[in-house]
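*Asks:* Just so we're aligned, residue 0 is where the sequence shown starts under numbering that gives the first Met the number 0, counting upward by one.
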Amino acid sequence: MMIMDELTIREHHLIRLMRPEDLDQVMAIERASFESPWTKNNFFDEFKNSDLSTQLVMEFDHHIIAFAIVWAIIDECHLANIAVHPDCRRKGVAEILLNKIISIARDRNCKKIMLEVRKSNEPAIQLYNKYCFEKVGVRKNYYYDGFMRQEDAVLMDLNLTNEE
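(1) List the DSSP bridge partners of T53.
(2) What residues in its chain sit with their C-beta under 7 Å from that of D151, if we drop five residues either side in the sequence?
(3) Report the CB separation of I112 from L159 in whole angstroms; it is logged as a contact under 8 Å.
(4) Using the Cβ count rule (16 or more neighbours within 10 Å means buried), how would you classify H27?
(5) Can you pull the DSSP bridge partners for C76?
(6) With three or more beta-carbon pairs closer than 8 Å as the criterion, would you say the region 21-37 touches the region 79-93?
(7) Can you give the Cα-Cα distance for K90 and E58, rounded to whole angstroms?
(8) When burial is assigned at 16 or more other CB atoms within 10 Å of the CB, is Y143 buried or exposed?
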């Protein structure tokens with residue numbers, strides 16, 4: 000694998016639609032990223048709902064290093080799931096993928112992008128703030144890790160109607 004610095008990733012990445020054969024790599028990232036990961040069946044359901052769901056992967060050196068699931072419902076997009084391989088974090092990968100998601104939302108004439116993020120996920124919240132997402136609420140005890148620990152979700156929106 001090539002050396003993964005931010006500049007090399009920016010110059011040599013590929014973002015494409017997820018395929019069923021990607022799921023082993025996607026599931027490895029999902030399990031490494033979340034205490035209560037989606038199941039393989041959750042991802043298969045996304046493929047079945049392709050009229051509403053866009054499933055993206057980001058490749059670098061022929062390896063999947065990140066993925067995202069975006070739902071477009073009428074004039075709103077919802078970032079349902081996004082994760083970056085642990086070895087690729089803090090290298091601009093999530094930012095590149097977020098830019099693609101914003102572009103897709105604009106192409107679909109969405110007025111806003113909505114998401115939930117763990118209250119403790121400061122790096123993600125900082126990234127969303129950088130892109131002008133605003134905190135619009137909190138869902139109490141939204142995340143559950145299976146060990147009786149629960150965590151609030153911060154609800155954030157990006158308004159796309161005020162942008163030039």
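Positions of the beta carbon are idealized from the N, C-alpha and C atoms, including for glycine.
*Replies:* Reading from the atomic positions:
(1) Answer by DSSP bridge pairing, in chain order: V69.
(2) Cβ-Cβ distances below 7 Å link D151 to K118, V137, R138, K139, N140 and Y141 in the same chain, with the five nearest sequence neighbours on each side left out; the list follows chain order.
(3) Between the beta-carbon of I112 and that of L159 there is about 7 Å, and that keeps the pair under the 8 Å contact cut.
(4) First, the residue type needs correcting, since residue 27 is Ala and not His in the sequence shown. Classification for A27: exposed.
(5) Per DSSP, the beta-bridge partners of C76 are A71 and I112.
(6) A contact is defined here as three or more CB-CB pairs under 8 Å, and the region 21-37 meets this definition with respect to the region 79-93.
(7) For K90 and E58, the distance between alpha carbons rounds to 14 Å.
(8) Under the 10 Å beta carbon count, Y143 is surrounded by fewer than 16 other beta carbons and is classified as exposed.
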